[in-house]
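Okay, structure first, notes after.
There are 2 protein chains.
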Amino acid sequence: MPVKDCKTEQLIKDTAKRIFLSEGKMLATTQDIADAAGVNRTLLHYYFRSRELLFDMVFKEALTNLRERLHQVLGSELPFKQKIENLVSVFYEELTEAPYLETFIALYLNQDPEKYEELFTSLPGGKERMKNFLKEIQREMEKGTITEMKPINFFINLFSLMAYPFVARPIYLKMFDLTDNGYNKLLVERKKGIVSMIFNK
Amino acid sequence: MPVKDCKTEQLIKDTAKRIFLSEGKMLATTQDIADAAGVNRTLLHYYFRSRELLFDMVFKEALTNLRERLHQVLGSELPFKQKIENLVSVFYEELTEAPYLETFIALYLNQDPEKYEELFTSLPGGKERMKNFLKEIQREMEKGTITEMKPINFFINLFSLMAYPFVARPIYLKMFDLTDNGYNKLLVERKKGIVSMIFNK
DNA sequence: CCTTTGTTTAACAATTTTGTCAAACAATAA
DNA sequence: TTATTGTTTGACAAAATTGTTAAACAAAGG
């Protein structure tokens, strides 16, 4: 008897990931995905039962993976500034690969707050580690390394400066008549700038 | 003969605005909108012909209005810092009313770059005024008021710090177990923080 | 009153998208 | 070879959504 293939299943999932998270086409139909993957649309149902299940799986996997990487950085035993630098590097890598992940999560959480509940509670010790990081931020403020503010706002500032430019790319392309490559360069330049800005230097 | 009503037409448009731009339900159907407005769905076609035309009108009006207000601030004859403070105030007002406007524009521009083309070219002298503002930023950097960087990145920083927290609200609500009111307070606190941060103070 | 004009409605048609099924197909173990 | 298991396909059904039409309705002028 033949062994399970997985090849097509993976192809469909990867294609869906690309379309949803990288290209930001949240309205893509099952047909769009099947076409992009070069397979019959029925296979999408064969492997994932429904569009919604495929959609959810893509987001769940991407989010789990992202959280995994970020928590690894936040939980590491490095000096604060280096930790932040790593955080920026890691998050930038993820954003380059999947610029629409957080925005889509935000949009869907907004429409059905219960649905992705588990994604935020499933990681044991997740909230704990987050609280520890906020405390670490607090200590750095007392040391004077970074400007005093609510630690949460430090956190939000950091992620705003990283994430938003990736989503707003089409707007700034038009607004400032930039090319795709020009904008990419800008994003790379920002990487250093974000750390400087955060450390008020 | 009866005069044109406009009452129902305005009601539908306002409701659509609320659903799309304030509640962030970009997948809302014509039925959803009609129900929310308390009118028969056919009226939506009677007044706007199609869902797409209504959708486009809502975004066009909102964007035109936003741009109008921002350009007024940018074009004013105030000292730089005060200009920025006004900008933050105005943009915060708009974001409070329509937190999803820019994100949706970005998403739709991304899917069909031609479609909203005119929104960026229609304002005569728009690009001119934008370039002038970038030059003004440049001058402030030379004066040492703000940190040296590409003026565009100063611009993007400012808008990232303002806009992203509004869209990412559902994520941070879960992540930090905040209430809606608690998050609103945070947003208000940020308002001052953004200006301080931008002016490196 | 009747006519005209604009509004509202329900019923219907068209389209788009999703989901199902049975049959064809391919690979491999027995 | 044949039986078995998993894969792929096209045809079809179902559902959801959008768009149209004709008729009912309401207001106001003649």
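Residue numbers (the numbering used here), protein chains in the order written: chain A, 1 to 201; chain B, 1001 to 1201.
Yeah, the Cβ is synthetic: ideal placement off N, Cα and C, and Gly gets one too.
Does residue i come within less than 7 angstroms of chain B when only Cβ atoms are used?
{"i": "Arg-129 of chain A", "result": "no"}
{"i": "Val-167 of chain A", "result": "yes"}
{"i": "Pro-2 of chain A", "result": "Because Pro-2 of chain A carries a pLDDT of 47, less than 50, the predicted location of this residue cannot be relied on, and no value is offered for it."}
{"i": "Pro-151 of chain A", "result": "no"}
{"i": "Ile-84 of chain A", "result": "no"}
{"i": "Ser-76 of chain A", "result": "no"}
{"i": "Ile-171 of chain A", "result": "yes"}
{"i": "Leu-11 of chain A", "result": "no"}
{"i": "Arg-190 of chain A", "result": "yes"}
CB-CB under 7 angstroms to residue i, same chain, minus the five flanking residues each way: which ones, in chain order?
{"i": "Asn-200 of chain A", "result": "Ile-146 and Thr-147"}
{"i": "Ala-163 of chain A", "result": "Leu-95 and Glu-102"}
{"i": "His-195 of chain A", "result": "The residue you asked about is not His; residue 195 of chain A is Val in the sequence shown. Result list for Val-195 of chain A: Ile-84, Glu-85 and Val-88, in chain order."}
{"i": "Glu-1009 of chain B", "result": "Tyr-1047"}
{"i": "Phe-80 of chain A", "result": "Glu-136, Glu-140 and Thr-145"}
Which residues bound the alpha helix (DSSP H) around residue i?
{"i": "Asp-35 of chain A", "result": "30-37"}
{"i": "Ala-62 of chain A", "result": "51-74"}
{"i": "Glu-102 of chain A", "result": "101-111"}
{"i": "Ala-1163 of chain B", "result": "1151-1167"}
{"i": "Asn-200 of chain A", "result": "Here Asn-200 of chain A belongs to no alpha helix (DSSP H), and DSSP marks it neither H nor E."}
{"i": "Arg-1041 of chain B", "result": "1041-1048"}
{"i": "Phe-1176 of chain B", "result": "Note, Phe-1176 of chain B: premise wrong, no alpha helix (DSSP H); not H, not E."}
{"i": "Arg-139 of chain A", "result": "126-143"}
{"i": "Leu-1095 of chain B", "result": "1080-1097"}
{"i": "Lys-1007 of chain B", "result": "1007-1017"}
{"i": "Glu-1077 of chain B", "result": "Where Glu-1077 of chain B is concerned, there is no enclosing alpha helix (DSSP H), given that its DSSP letter is neither H nor E."}
{"i": "Phe-1120 of chain B", "result": "1117-1121"}
In its own chain, which residues sit with a C-beta less than 8 angstroms from the C-beta of residue i, not counting the 5 before and 5 after it?
{"i": "Phe-120 of chain A", "result": "Gly-126"}
{"i": "Ile-19 of chain A", "result": "Lys-25, Ala-28, Asp-32, Ile-33 and Ala-36"}
{"i": "Leu-1070 of chain B", "result": "Leu-1087, Val-1090 and Phe-1091"}
{"i": "Lys-1131 of chain B", "result": "none"}
{"i": "Phe-1055 of chain B", "result": "Ala-1016 and Phe-1020"}
{"i": "Leu-1078 of chain B", "result": "Asn-1086"}
{"i": "Ser-22 of chain A", "result": "Glu-97, Ala-98, Pro-99 and Tyr-100"}
{"i": "Asp-1180 of chain B", "result": "Leu-1173"}
Looking only at its own chain, which residues have a Cβ that is under 6 angstroms from the Cβ of residue i, when we skip the five neighbours before and after it?
{"i": "Leu-1066 of chain B", "result": "Glu-1094"}
{"i": "Met-141 of chain A", "result": "Glu-148"}
{"i": "Phe-166 of chain A", "result": "Leu-95 and Pro-99"}
{"i": "Lys-1290 of chain B", "result": "Outside the displayed span of chain B (1001 to 1201) sits residue 1290 of chain B, for which this structure offers no information."}
{"i": "Ile-137 of chain A", "result": "Pro-151 and Phe-154"}
{"i": "Ala-30 of chain A", "result": "The amino acid occupying residue 30 of chain A in the given sequence is Thr; Ala does not appear at that position. Excluding residues within five positions, the ones whose Cβ falls inside 6 angstroms are Arg-41, Leu-44 and Arg-51."}
{"i": "Lys-13 of chain A", "result": "none"}
{"i": "Val-1058 of chain B", "result": "Ala-1016, Lys-1017 and Phe-1020"}
For residue i, decide whether its Cβ has a neighbour in chain A, counting only Cβ atoms nearer than 7 angstroms.
{"i": "Phe-1120 of chain B", "result": "yes"}
{"i": "Phe-1176 of chain B", "result": "yes"}
{"i": "Lys-1193 of chain B", "result": "The question names Lys, yet the displayed sequence has Gly at residue 1193 of chain B. True, the Cβ-Cβ gap to chain A drops below 7 angstroms."}
{"i": "Tyr-1183 of chain B", "result": "no"}
{"i": "Thr-1145 of chain B", "result": "no"}
{"i": "Ile-1156 of chain B", "result": "yes"}
{"i": "Leu-1187 of chain B", "result": "no"}
{"i": "Phe-1199 of chain B", "result": "no"}
{"i": "Leu-1044 of chain B", "result": "no"}
How would you call residue i, buried or exposed, if buried means at least 16 neighbouring beta carbons within 10 angstroms?
{"i": "Leu-188 of chain A", "result": "In the sequence on display, residue 188 of chain A carries Val and not Leu. Burial call: exposed."}
{"i": "Glu-52 of chain A", "result": "exposed"}
{"i": "Leu-186 of chain A", "result": "buried"}
{"i": "Arg-49 of chain A", "result": "exposed"}
{"i": "Pro-2 of chain A", "result": "In this prediction, Pro-2 of chain A has a pLDDT of 47, which is less than 50 and means its spatial position is unreliable; nothing more can be read from the coordinates."}
{"i": "Thr-1042 of chain B", "result": "exposed"}
{"i": "Leu-1109 of chain B", "result": "buried"}
{"i": "Ala-1016 of chain B", "result": "buried"}
{"i": "Ser-76 of chain A", "result": "exposed"}
{"i": "Leu-1184 of chain B", "result": "Just to set this straight, residue 1184 of chain B is Asn in the shown sequence, not Leu. Asn-1184 of chain B should be labelled exposed."}
{"i": "Pro-1170 of chain B", "result": "buried"}
{"i": "Arg-139 of chain A", "result": "exposed"}
{"i": "Asn-1157 of chain B", "result": "buried"}
{"i": "Gly-38 of chain A", "result": "exposed"}
- Item | Interfacial residues, the segment 1017-1034 of chain B to chain A, with Cβ spacing under 9 angstroms | Glu-1023, Gly-1024, Lys-1025, Met-1026 and Leu-1027
- Task: Return the residues of the segment 1087-1109 of chain B that lie within a Cβ-Cβ distance of less than 9 angstroms from chain A, sorted by chain order.
- Result: Tyr-1100, Glu-1102, Thr-1103, Ile-1105, Ala-1106, Leu-1107, Tyr-1108 and Leu-1109
- Message: Please identify, using Cβ separations under 9 angstroms, the residues of the segment 1047-1069 of chain B that lie next to chain A, in order along the chain.
- Response: none
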